[in-house]
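Visitor: Count the sequence shown with my numbering and you get residues 95 to 208, in order. Beta carbons are placed, not taken as given, at the ideal position from N, Cα and C, and that holds for glycine. Since we're looking at a predicted model, the values are computed, not measured. Here it is: the structure, laid out below.
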Amino acid sequence: MYRFGLVLLGLLALADLASPLMTDGEHPPMSIAIGSAVIGLISLALVGLAWRGKRWALAPLITLRLASALLAVPAFFASGVPAVAVAAAGIGVAATVVGVIAVLLPKRVLAGAR
Numbered sequence: 095m096y097r098f099g100l101v102l103l104g105l106l107a108l109a110d111l112a113s114p115l116m117t118d119g120e121h122p123p124m125s126i127a128i129g130s131a132v133i134g135l136i137s138l139a140l141v142g143l144a145w146r147g148k149r150w151a152l153a154p155l156i157t158l159r160l161a162s163a164l165l166a167v168p169a170f171f172a173s174g175v176p177a178v179a180v181a182a183a184g185i186g187v188a189a190t191v192v193g194v195i196a197v198l199l200p201k202r203v204l205a206g207a208r
């Protein structure tokens, strides 16, 4: 589950990197899109470190991914946000929660699998 979570968080970081290219300047505002891209770039670096076994990279990675999910929350409450953007925000928030849980789950040893 650990690697699955890292892959999922990495894909979300890539989506954040592309956010300035996908905005119309209003949904999300360009400042939010650029902030998201910065979070995505740093997250990708942390995913790479965590993939190589640097467990210290998990805390900042999880923090940044949760911050990115929080940047999407206003889409649910602001007026005039296109339905596609609201759906993308919902999928992104849900995928973030799944990815964070996946990297935090302890490894399990199956009975008799030694």
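Pick helix, strand or coil for residue 176, following the three-state DSSP scheme.
Guide: Coil at residue 176, not helix or strand.
Visitor: Cα separation between residue 172 and residue 106?
Guide: So the alpha carbons of these two residues sit roughly 22 Å apart.
Visitor: Are there 16 or more other CB atoms within 10 angstroms of the CB of residue 178, so buried, or fewer, so exposed?
Guide: Residue 178 should be labelled exposed.
Visitor: Determine the DSSP secondary structure at residue 104, reduced to helix, strand or coil.
Guide: If DSSP states are grouped into helix, strand and coil, residue 104 belongs with the helices.
Visitor: What is the DSSP secondary structure of residue 147, counted as helix, strand or coil?
Guide: It is coil, neither helix nor strand.
Visitor: Which first and last residues belong to the alpha helix (DSSP H) in which residue 169 is found?
Guide: Neither: residue 169 is in no alpha helix (DSSP H) and is coded neither H nor E.
Visitor: With residue 192 and residue 102 assumed to form a contact (beta carbons below 8 Å), what rounded beta-carbon distance in angstroms separates them?
Guide: Indeed, because the Cβ distance is near 6 Å, the residues count as touching under 8 Å.
Visitor: Would residue 194 and residue 159 be called neighbours here (beta carbons separated by less than 8 Å)?
Guide: The answer is yes: Cβ separation under 8 Å.
Visitor: What does the alpha-carbon distance come out to for the pair residue 150 and residue 120?
Guide: If I take the Cα positions, the gap works out to 36 Å.
Visitor: So, under 8 Å CB-CB, residue 131 and residue 110 are touching, yes? Tell me the CB distance rounded to an integer number of Å.
Guide: The pair is a contact, with the Cβ atoms about 6 Å apart (cut-off 8 Å).
Visitor: Let me make sure I understand the geometry here. Which of 188, 154, 174, 198 has the alpha-carbon closest to that of residue 134?
Guide: Among 188, 154, 174, 198, the Cα nearest to that of residue 134 belongs to 154.
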